[in-house]
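Residue numbers for the sequence shown follow our numbering, beginning at 2 and rising by one. We put the beta carbon where it would ideally sit given N, CA and C, even for glycine. On a predicted model such as this, the values are computed, not experimentally measured, just so you know. Data first, discussion second: the structure below is written as structure tokens.
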Amino acid sequence: MASLIAPWAQWGAEKRRGQHQRKINKIKVWRGEIDKLRKAVEECRAASDVTDYNPDYEYYPLKESELKRALNLDTQQWYHSLLEQLDANERSQLEADLREYAQENNGEPAIAALSKTIEKLDKRWGLT
2 MASLIAPWAQ WGAEKRRGQH QRKINKIKVW RGEIDKLRKA VEECRAASDV TDYNPDYEYY
62 PLKESELKRA LNLDTQQWYH SLLEQLDANE RSQLEADLRE YAQENNGEPA IAALSKTIEK
122 LDKRWGLT
């Protein structure tokens, strides 16, 4: 009987370790995507701060379009994987906040709301 329980217990421990590692990986991916959004905001802001004549005058519209594309979260797979981890109330609140913050201040409030959500999941899952 003990010879049957030991492999089953080992399988359970491996399964829990795998779930824990998947959660760590999700948090890592989401934080990486948030960093990309922050970089897009910084690049757009830097491009808009140029006041001198610049022969590359199309640089700012290009950066602005890149930022808008980055902030279009409905097209982002990582965003949908984040939503899947939230209960209905959390999901509704985040989506409402993001609609409100969509283009406000180059998306910085939206990035802050996403970061806060990721931190909550990190704590809920006991990863920090």
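Do V42 and I112 count as a contact pair if the criterion is CB distance below 8 Å? Taking the sequence shown and counting its residues from 1, one reaches residue 112 at position 111. Taking the sequence shown and counting its residues from 1, one reaches residue 42 at position 41. In this structure, V42 lies closer than 8 Å to I112 by Cβ.
If you measure between the beta carbons of W126 and K24, is that distance less than 8 Å? To locate residue 126, count along the sequence shown from 1; it is residue 125. To locate residue 24, count along the sequence shown from 1; it is residue 23. Yes; because the gap between Cβ atoms is below 8 Å, this pair is in contact.
Classify L122 as helix, strand or coil using the three-state DSSP reduction. Indexing the sequence shown from 1 puts residue 122 at position 121. It is helical.
With a threshold of 16 other CB atoms inside 10 Å of the CB of L128, please say whether the residue is buried or exposed. For the purposes of this step, residue 128 is identified with residue 127 of the sequence shown, where counting begins at 1. Classification of L128: exposed, given that the 10 Å Cβ count is below 16.
Could you tell me the distance, in whole angstroms, from the CA atom of A89 to the CA atom of L122? Counted from its first residue, the sequence shown places residue 89 at position 88. Counted from its first residue, the sequence shown places residue 122 at position 121. Those two C-alpha atoms are separated by around 14 Å.
Could you check where the alpha helix (DSSP H) with D98 kicks off and where it finishes? As a working note, residue 98 is residue 97 in the sequence shown. Its alpha helix (DSSP H) spans residues A89 to Y102.
I need the boundaries of the alpha helix (DSSP H) containing L74, first residue and last residue. Reading the sequence shown from its first residue, position 73 is the one you call residue 74. Segment: none, L74 is in no alpha helix (DSSP H) and carries neither H nor E.
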